[in-house]
Amino acid sequence: MRPVCIVGTGYVGMACMLGLAELGWVVHGYDIVRDRIDRLRRGIPPYREPGLDEILRKHAETGRVRFFDDLEDAARDAMVIVVAVGTPARDDGSADIAGLRAALEALSEVEFAVRPTVAIRSTVPPGTTDQFAALVEQRCDLVYAPEFLREGSAVHDFLHPDRIVVGCTAPDAGLAYARLLQGLERPLIFTSRRNAELIKSCSNAFLALKISFANEIAALCDSLGGESDDVLRGIGYDRRIGGEFLRPGIGFGGPCFEKDVRSIEYVASQRQLDLQLFSATLRVNDAQPRRVLQSLEREMGTLAAATIGVWGLAFKAGTDDVRDSLALRIVDSLARRGARTVVYDPYVHVARLPAASRLTTSALEAANADALLVLTEWPQFAAYDPTEYGPSIRRRIVVDGRNILDPERVTAAGLRYVGVGRESSPCPKRLTAVSAI
Ligand code: UDX
Numbered sequence: 001m002r003p004v005c006i007v008g009t010g011y012v013g014m015a016c017m018l019g020l021a022e023l024g025w026v027v028h029g030y031d032i033v034r035d036r037i038d039r040l041r042r043g044i045p046p047y048r049e050p051g052l053d054e055i056l057r058k059h060a061e062t063g064r065v066r067f068f069d070d071l072e073d074a075a076r077d078a079m080v081i082v083v084a085v086g087t088p089a090r091d092d093g094s095a096d097i098a099g100l101r102a103a104l105e106a107l108s109e110v111e112f113a114v115r116p117t118v119a120i121r122s123t124v125p126p127g128t129t130d131q132f133a134a135l136v137e138q139r140c141d142l143v144y145a146p147e148f149l150r151e152g153s154a155v156h157d158f159l160h161p162d163r164i165v166v167g168c169t170a171p172d173a174g175l176a177y178a179r180l181l182q183g184l185e186r187p188l189i190f191t192s193r194r195n196a197e198l199i200k201s202c203s204n205a206f207l208a209l210k211i212s213f214a215n216e217i218a219a220l221c222d223s224l225g226g227e228s229d230d231v232l233r234g235i236g237y238d239r240r241i242g243g244e245f246l247r248p249g250i251g252f253g254g255p256c257f258e259k260d261v262r263s264i265e266y267v268a269s270q271r272q273l274d275l276q277l278f279s280a281t282l283r284v285n286d287a288q289p290r291r292v293l294q295s296l297e298r299e300m301g302t303l304a305a306a307t308i309g310v311w312g313l314a315f316k317a318g319t320d321d322v323r324d325s326l327a328l329r330i331v332d333s334l335a336r337r338g339a340r341t342v343v344y345d346p347y348v349h350v351a352r353l354p355a356a357s358r359l360t361t362s363a364l365e366a367a368n369a370d371a372l373l374v375l376t377e378w379p380q381f382a383a384y385d386p387t388e389y390g391p392s393i394r395r396r397i398v399v400d401g402r403n404i405l406d407p408e409r410v411t412a413a414g415l416r417y418v419g420v421g422r423e424s425s426p427c428p429k430r431l432t433a434v435s436a437i
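With this note's numbering, the residue at position 28 of the sequence shown is 28, and numbering never jumps.
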């Protein structure tokens, strides 16, 4: 069996690599960072995700995953090469595709055994794959095959996609890629490379828009005394809308949403297109951490010299990733207001925090503060007993920036509960629409 080669062993590359190994393919992983390859050879993944170590160990044993620090060795015999290198945002919002160009240039030098399909899987501005095709087309066919993986469940998402999108000009090249995933039996969309690029970035833009929509509805609920849990659930049951990604909170963070929306906004502005929704999505998201801080300030009066316990630093639950985490931004803002913070996150044990802040490995120690602020939606936070952590919160204030705690339990423990678009003094247990039927 000819191997598949993955160039770039970050989140996207690793999920692809291990997912393909699960499907029975032999996969060669290559990365320009040698240290990363050394660690992977020793079974150490580059990031944390539930179950990742086990799958890596399993396929080191089956022999289906192998790591290379030489591109020629990794790619020479491959039938498909997947390029999953980073495309970070520049200050002006445009995507930095220099790493992708360098990877394709390096591939154009490889003496392949047979002409392979090269699939770009990094998120790129529309038009990039067509623009880069000339770099490699003497020796390979270039397709665009976006990923829709969430961190924390990336291998699972790879194996259970809602759809498979392949952008290509030559059908055979697209088929070579699609055949890798034929065991998944998911809807397959063959389209142009540009359309595939647009599908990827506009999917993320729509998910980001949904979150910003939920956050504005929550603000409306706060102002009117409404209950966003019920309002958004009532909206989300409409199948045309869907209930996922309608959870209000501190806003969306992470390496994808903001970057992707800014990139589309940049592309639109370069074409003098006057589009409104993308920048509005980002503006709402920028305001959201401030809203949560204002809730805390309203309860506390001043934050100067206060100690605030913080639960959660990762940009979302299930990962140790703090890239573009709004929790970090809030911790920075607290420091600017003169507050000290004691931060607990079950996965994050190293982070650059402001001088007046420190990380602890105990949730209870973080709760030993004037007030408690919940910033990541880790399910275990909801499971902690408020009668245990409550007594150490001196001002008895809990601001739940993720609506993850049970307001009734927290209030019953003698604490003042403030959520996002949630009534502060919840009404007695209501019948939900579902339980009433
Ligand atoms: C996202 C997309 O989901 C994925 O398809 C794409 O390939 C990469 O970007 P990811 O960044 O891993 O994945 O995280 P996601 O689960 O989408 O969450 C992004 C952010 O939005 C997190 O900060 C999360 O806490 C927040 N979020 C998510 C909300 O605030 N409310 C929600 O309802 C959902």
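Glycine included, C-beta positions come from ideal geometry on N, C-alpha and C. It should be emphasised that the depicted structure is a prediction, and the values quoted were computed from it without experimental measurement.
Check whether the Cβ atoms of residue i and residue j sit closer than 7 Å, and answer yes or no.
i: L142; j: V114; result: no
i: M17; j: V27; result: yes
i: L52; j: G43; result: no
i: A367; j: V322; result: no
i: G8; j: A84; result: yes
i: L372; j: V398; result: yes
i: V110; j: E147; result: no
i: G29; j: S228; result: no
i: N215; j: V284; result: yes
i: L364; j: V343; result: no
i: A339; j: A306; result: yes
i: E197; j: P126; result: yes
i: G99; j: Y266; result: no
i: T281; j: L220; result: no
i: S108; j: V80; result: no
i: G19; j: L159; result: yes
i: T341; j: S357; result: yes
i: A218; j: P187; result: no
Which partner residues of residue i appear in the DSSP bridge assignment?
i: L188; result: I164
i: S357; result: T341
i: R76; result: R76 is not bridged to any residue.
i: G29; result: I6 and F67
i: A119; result: V82 and V143
i: R416; result: I397
i: L326; result: Its beta-bridge partners do not exist; DSSP assigns none.
i: A89; result: A95
Cutting at 7 Å between CB atoms, please list the residues of its own chain near residue i, excluding the five before and the five after it.
i: I330; result: I250, P289, V292, L293 and L375
i: I97; result: T87, V124 and T128
i: G242; result: G236
i: S362; result: Y344
Name the residue from the options whose alpha carbon lies nearest to the alpha carbon of residue i.
i: E151; options: Y47, D96, L282 and G24; result: Y47
i: G295; options: A205, H160 and G401; result: The amino acid occupying residue 295 in the given sequence is Ser; Gly does not appear at that position. With distances taken between Cα atoms, S295 lies closest to G401.
i: D77; options: F112, F67 and D286; result: F112
i: H156; options: S192, A21 and L107; result: A21
i: E61; options: T9, R41 and D69; result: R41
i: A382; options: R394, P391, R396 and N403; result: N403
i: E299; options: R396, D69 and R101; result: R396
i: D172; options: F190, D31 and S203; result: F190
i: D69; options: C168, I32 and P45; result: I32
i: W378; options: D345, G226, G390 and I393; result: D345
i: G254; options: F315, Q182 and G338; result: F315
i: R66; options: C5, D332, Q380 and L104; result: C5
i: A335; options: L273, L405 and L303; result: L303
i: S203; options: R64, D385 and I264; result: I264
i: D162; options: D92, D238 and E185; result: E185
i: R524; options: E258, I199 and D35; result: There is simply no residue 524 to check, as the chain begins at 1 and stops at 437 in what is shown.
i: R101; options: D130, A74 and Y11; result: D130
i: C64; options: P3, Y389 and S153; result: In the sequence under discussion, the amino acid at residue 64 is Arg, which differs from the Cys named in the question. Nearest of P3, Y389 and S153 to R64, Cα basis: P3.
i: A327; options: R394, L277, F252 and E388; result: F252
Excluding sequence positions up to five away, which residues of its chain have a Cβ less than 6 Å from the Cβ of residue i?
i: A145; result: A119, R121, V166 and Y177
i: L207; result: F245
i: A103; result: V7, V83 and V85
What are the start and end residues of the beta strand (DSSP E) that includes residue i?
i: L23; result: It is not in any beta strand (DSSP E) - L23 carries neither H nor E in the DSSP assignment.
i: T307; result: T307 to W311
Note the first and the last residue of the continuous alpha helix (DSSP H) segment covering residue i.
i: A363; result: A363 to A366
i: V374; result: That residue, V374, is in no alpha helix (DSSP H); its beta strand (DSSP E) goes A369 to V374.
i: G234; result: S228 to G236
i: A218; result: R193 to L224
i: E440; result: Lying outside 1 to 437, the shown extent of the chain, residue 440 is not represented and no answer is given.
i: T387; result: P386 to Y389
i: H59; result: L52 to T62
i: E109; result: Looking at the DSSP string, E109 is not in any alpha helix (DSSP H), and its letter there is neither H nor E.
i: I37; result: R34 to R41
i: M300; result: L277 to M300
i: Y177; result: P171 to L180
i: S392; result: Unbroken run through S392: none, as it is neither H nor E.
Could you check whether the Cβ of residue i sits closer than 7 Å to any Cβ belonging to chain B?
i: R240; result: The structure shown contains no chain B; it is built from a single protein chain.
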